[in-house]
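For the sequence shown, this note's numbering assigns the number 126 to the initial residue and increments by one for each residue that follows. C-beta: ideal position from N, C-alpha, C; glycine also. Here the structure is a predicted model, which is why all the values come from computation and not from measurement.
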Amino acid sequence: MFRIYKITFFTVLISVICMISFNVLLLKDHDKDNTLKIGFVYVGDASNIYSTNFIKVQNKIDSMYGDKVVVSAKYNVAEGTERKYISELIDEGCEMIFSTSYGYQDVTKELAQKYPDIQFIMATGANSQKKPILKNYHTFMGAIYQGRYISGVIAGMKLFELLQSHKITKEQAKIGYVAAFPYAEVVSGYTAFLMGIHSIVPGVKMHVRYTHSWDSFYLDKMAAEELIKEGCVMISQHSDTSGAAVACEKTSAKTPIYLVSYNKSMSDIAPTTYITGSKINWEPYMLQAVEAVLKGKQIESYVKGTVNGRDICGGFKEDWIRMLDLNELTAPQGAQSQIDSLISRFKNGTVEVFKGNYQGVNPFDANDTIDLNKGYVENKYRSAPSFNYILKDYVIIDNK
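Right, dumping it as structure tokens:
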């Protein structure tokens, strides 16, 4: 009896230990299965050029991290209505929310203050360093002026070819720019573009026409058409539609017309006029930020880039900026080698973009001026562009 009891006792004991061990393993597996719920708020959808670049990264996050993350997205959220949709993501249990349109930043930060356990990340935002400074509110943006400048250099090379071949006269070497809003982000971009052109063809003037919309195909197309009628032979843009590309490709102008795009190659839409362009690559920051949160790390200590408080910026060096396809049909001779050389120089920090014999005026304050002989370092203190001066004698605003 004793031997039977002893065997039974040890059998039960081993069974209990096994059950406890199994439950511990279950708990560990459950911990591994805990998912990070991530929300995204977009001003457009997959038909919108700007939003598409973010959506591609969202899809990569979803596929790359598998069952570690669950994603939820709100599309076509007009600026001014974002509170409702961000609140829905909060109610869904999102622990990390990416806001992706500049106009969302005030509401996003307000909600970050209200919900300190959620990480709020604002693309293109400029307010993370303004009080109150929050541990859970972050901003980021690529140093797009670098890509704009290189695009301008290639545009300048094309203008030079047109002048050398007598296809246009010096008086006809005029630039047009379709711009969404008179924000510093836009002003900085078209100024960098013009600086690139001036490095090849000094003194060229640029006409800027604002549409006061990010994503109106009709307004973009109409603005480009008007600039072409005014005699512009090169059109670039800071807007999110193919309207300018269609206007360039379908023009009946007697002079040749060429296009430098933004965010998306227009080689399929404007195969005989598109040259090149640039875009922000959102992937490095967003992937690293998600990984940081999954690992319980502070985002700014984990993501590679130039950090200012809760804000991070990156350029070609960090692969945050990329050039778009170069159209061999329209590109000037030597364009690719020039692009490669300039990217290398930006990585080495040997390109000064905002410097030269220029005087600028703040469009919102005539008393605020700048002398660029002294130079200006963009993105020195924040990722969102801050250069907001209209260059005298060289930039003409065709509307207000």
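Contacting residues, own chain, Cβ-Cβ under 6 Å from residue i (five flanking each side not counted)
i, result
"Tyr227", "Thr249"
"Asp192", "none"
"Ile222", "Gly164, Leu214 and Phe245"
"Lys346", "Gly368, Val371 and Ala372"
"Asp450", "Ser390 and Ser392"
Assigned secondary structure, residue i (DSSP; H/G/I helix, E/B strand, else coil)
i, result
"Phe512", "coil"
"Ile246", "strand"
"Gln484", "strand"
"Ala460", "helix"
"Leu497", "coil"
"His323", "helix"
"Tyr229", "helix"
"Tyr506", "coil"
"Leu161", "strand"
"Tyr399", "strand"
"Ala171", "coil"
"Met448", "strand"
"Ile405", "strand"
"Ser313", "helix"
"Gly267", "strand"
"Cys219", "coil"
"Phe318", "helix"
"Phe441", "helix"
"Lys185", "helix"
"Tyr240", "coil"
"Thr177", "helix"
"Ile300", "strand"
"Asp436", "strand"
"Ile468", "helix"
Residue i and residue j closer than 8 Å at C-beta
i, j, result
"Val168", "Tyr210", "no"
"Lys404", "Gly272", "yes"
"Ser508", "Ile437", "yes"
"Lys185", "Glu408", "yes"
"Ile246", "His263", "yes"
"Thr225", "Val194", "no"
"Asp523", "Arg334", "yes"
"Tyr270", "Val432", "no"
"Thr441", "Ile468", "Note that residue 441 corresponds to Phe in the displayed sequence, not to Thr. Contact: yes."
"Lys239", "Ile521", "no"
Cβ neighbours of residue i in the same chain (closer than 8 Å, five flanking residues each side left out)
i, result
"Lys517", "Tyr483, Gln484, Gly485 and Val486"
"Ser146", "In this prediction, Ser146 has a pLDDT of 41, which is less than 50 and means its spatial position is unreliable; what the coordinates show is noted afterwards. Cβ neighbours of Ser146 beyond the five flanking positions: none."
"Glu207", "Val166, Ser224, Ser226, Gly228, Tyr229, Val232 and Thr233"
"Thr494", "Gln484, Gly485, Val486, Asn487 and Tyr514"
"Leu412", "Val182, Lys185, Ile186 and Met189"
Distance between beta carbons of residue j and residue i, contact taken as under 8 Å
i, j, result
"Val303", "Ile360", "7 Å"
"Gln183", "Ala198", "6 Å"
"Tyr519", "Asn452", "In fact, because the Cβ distance is near 27 Å, the residues do not count as touching under 8 Å."
"Ala280", "Val385", "5 Å"
"Tyr410", "Phe265", "5 Å"
"Cys357", "His332", "6 Å"
"Gly402", "Ser276", "6 Å"
"Gly531", "Gln254", "Past the boundaries of the shown model lies residue 531; the chain is included only from 126 to 525, so the question cannot be answered."
"Met282", "Pro457", "4 Å"
Cutoff 7 Å; reference residue i; Cβ partners in own chain excluding five residues on either side
i, result
"Asn406", "Gly267, Asp444, Trp445, Ile446 and Arg447"
"Asp170", "Ser176, Tyr200 and Asn201"
"Lys472", "Phe441 and Lys442"
"Phe306", "Tyr335 and His337"
Take every Cβ of the stretch 317-327, pair it with every Cβ of the stretch 413-423, and state whether three or more of those distances are shorter than 8 Å. Short answer: they don't touch.
Would you call the stretch 385-395 and the stretch 218-237 in contact, with 3 or more CB pairs under 8 Å? Judged by pairs of C-beta atoms under 8 Å, the stretch 385-395 does not touch the stretch 218-237, as fewer than three such pairs exist.
So, does the stretch 461-474 touch the stretch 283-303, judging by three or more C-beta pairs under 8 Å? No, the stretch 461-474 does not touch the stretch 283-303.
Between the stretch 287-296 and the stretch 344-353, can you find at least three pairs of beta-carbon atoms closer than 8 Å? In short, these stretches do not touch, since the Cβ pair count stays below three.
With a threshold of 8 Å, are at least 3 pairs of Cβ atoms found where one atom belongs to the stretch 303-314 and the other to the stretch 358-377? Output reads yes: the stretch 358-377 touches the stretch 303-314.
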